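Here is the structure we will look at.
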């Protein structure tokens, strides 16, 4: 079914995550019938009438001003990414193409990542599908391979949990990143198929998707317990690819001279040997 009340769904989800004491509201009676803030409390904090806020949550008013949206964002303690997402929900989106173009990685990007023999890299599409990866990227994580969906892998592939000690953070950030990528376009058939599958197969995904967290992945540090070369502490960069539909380039790198850099070099040598063996088999 189409989502006809995007703003209301988002406000309700975020309201339920804010504790009264976090916004200076005394709560002598902890027996609340609903989690988080009440509607009238959000309205008070935002400086709008309770009736108007209720209309927003119920979808009876879907065109709040920018000033109201900013006030609601402050009341709900939204960060910059979440505030920008709230504004996008209030902006009419262009009609989707019935047959969207296939996701094609620019040739220059393919050539670039192929030249990085010791730098794991992959290209991610608008639904977090892996569109391309270099050999050391796949050696770092076997689900970094063309055709794999990283949201599905995070929740359903046991190798993600086995190699990431911070699996809870990985899954939380993955869902928040997916929300950031799709923005208001939550009725996209491909997205609905993915969300429907994971909602059935993963209780954790259902809980995280219901939170409406929005946080794009950018730069961070990650720890991977690799089965071949051991623990790796890697920096992670995510860069948007110009002139594409939300494609991003993900790159891992280690601090120069570190134990992780040495382990990454060993992994690169192994990946190169395997690639050469595959090429030789194809030419026989």
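In this note's numbering, the protein residues as written are 1 to 284. Ideal Cβ positions, reconstructed from N, Cα and C, are used throughout, including at glycine. Everything numeric in this text was worked out from a predicted model, so none of it was measured.
Next on the checklist: Please identify the residue among 75, 34 and 35 whose C-alpha is closest to the C-alpha of residue 53.
Outcome noted: Indexing the chain shown from 1 puts residue 53 at position 53. Closest option to residue 53, Cα to Cα, is 75.
Item to check | Contiguous alpha helix (DSSP H) assignments of at least 4 residues, all confined to the stretch 168-243 | outcome: Uninterrupted alpha helix (DSSP H) stretches at least 4 residues long and entirely within the stretch 168-243 occur at 189-201 and 203-211, given in chain order.
Checklist entry - Under a Cβ-count criterion, where at least 16 other Cβ atoms within 10 Å of its own Cβ denotes burial, should residue 200 be classed as buried or exposed? => result Taking the first residue of the chain shown as 1, we reach residue 200 at position 200. Result: exposed.
Item to check | Cα-Cα separation between residue 195 and residue 164, rounded to whole angstroms | outcome: Position 195 of the chain shown, counted from the start, is the residue given in the question as residue 195. Position 164 of the chain shown, counted from the start, is the residue given in the question as residue 164. Their backbone Cα atoms lie some 23 Å apart in a straight line.
Checklist entry - Got a sec? Which residues, its chain only, sit under 7 Å from residue 25 by beta carbon, not counting five neighbours each side? => result Translated into positions along the chain shown, residue 25 becomes position 25. For residue 25, same chain residues with a beta-carbon under 7 Å away, outside a window of 5 residues either side, are 41 in chain order.
Checklist entry - Exposed or buried, which one is residue 282 when buried takes at least 16 other CB atoms within 10 Å? => result As a first step, residue 282 is located in the chain shown; it is residue number 282 there, counting from the start. In this predicted model, residue 282 has a pLDDT of only 48, less than 50, meaning its place in the structure is not dependable; the value taken from the coordinates is given anyway. When all chains shown are included, residue 282 counts as exposed.
Checklist entry - What do you get for residue 212, buried or exposed, if any count of 16 or more other CB atoms within 10 angstroms of its CB means buried? => result On the chain shown, position 212 is the one that residue 212 refers to. So residue 212 ends up on the buried side.
Checklist entry - Measuring CB to CB, does residue 127 end up less than 8 Å from residue 198? => result Taking the first residue of the chain shown as 1, we reach residue 127 at position 127. Taking the first residue of the chain shown as 1, we reach residue 198 at position 198. No, the pair does not count as a contact, with Cβ atoms beyond the cut-off.
Next on the checklist: For a test of the three-state rule: what should DSSP assign to residue 17, helix, strand or coil?
Outcome noted: Within the chain shown, numbered from 1, the residue matching residue 17 stands at position 17. Note: residue 17 maps to coil in three-state DSSP.
Item to check | Proximal residues to residue 148 (C-beta, below 8 Å), its chain only, five neighbours per side dropped | outcome: Looking up residue 148 in the chain shown gives position 148. Take residue 148, set aside five residues on each side of it, and the residues of its chain with a beta-carbon closer than 8 Å to its own are 129 and 130, in chain order.
Checklist entry - Thinking just about the alpha-carbon of each residue, which of 17, 5, 4 and 11 is nearest to the one in residue 207? => result Looking up residue 207 in the chain shown gives position 207. When each option's Cα is compared against that of residue 207, the closest is 17.
Next on the checklist: Assess contact between the stretch 241-257 and the stretch 103-115, defined as three or more Cβ pairs (one per stretch) separated by less than 8 Å. Is contact present?
Outcome noted: Enough Cβ pairs lie closer than 8 Å, so yes.
Next on the checklist: Taking the beta strand (DSSP E) that residue 253 belongs to, which residues open and close that run?
Outcome noted: Residue mapping note: residue 253 aligns to position 253 of the chain shown, counting from 1. Run containing residue 253: 248-253, per the beta strand (DSSP E) assignment.
Checklist entry - For residue 272, which residues from the same chain have a beta carbon less than 6 Å from its beta carbon, with the 5 sequence-adjacent residues on both sides left out? => result Your numbering for residue 272 matches position 272 in the chain shown. The beta carbon of residue 272 lies closer than 6 Å to none in the same chain, with the five residues before and after it left out.
Item to check | Buried versus exposed, by CB contacts within 10 Å (16 or more), residue 255 | outcome: Walking along the chain shown from the start, residue 255 turns up at place 255. Counting every other CB atom within 10 Å of its CB across the protein chains shown gives residue 255 a total below 16, marking it as exposed.
Checklist entry - Are the CB atoms of residue 177 and residue 120 nearer to each other than 8 Å? => result One-based indexing of the chain shown puts residue 177 at position 177. One-based indexing of the chain shown puts residue 120 at position 120. For the pair residue 177 and residue 120, the CB atoms are not nearer than the 8 Å cut-off.
Checklist entry - Can you tell me whether residue 223 is buried or exposed, with buried defined as 16 or more other CB within 10 angstroms of its CB? => result One-based indexing of the chain shown puts residue 223 at position 223. Residue 223 should be labelled exposed.
Checklist entry - Are the Cβ atoms of residue 15 and residue 37 separated by less than 8 Å? => result Position 15 of the chain shown, counted from the start, is the residue given in the question as residue 15. Position 37 of the chain shown, counted from the start, is the residue given in the question as residue 37. Taking 8 Å as the cut-off, the Cβ atoms of residue 15 and residue 37 count as close.
Next on the checklist: Considering only the alpha carbon of each residue, which of 263, 249, 158 and 266 lies closest to residue 122?
Outcome noted: Taking the first residue of the chain shown as 1, we reach residue 122 at position 122. Closest by C-alpha distance to residue 122, out of 263, 249, 158 and 266, is 249.
Next on the checklist: So, at 6 Å on beta carbons, what are the nonlocal neighbours of residue 137 in its own chain, with the 5 sequence-adjacent residues on each side left out?
Outcome noted: In the chain shown, the residue the question calls residue 137 occupies position 137. Result list for residue 137: 120, 121, 122 and 144, in chain order.
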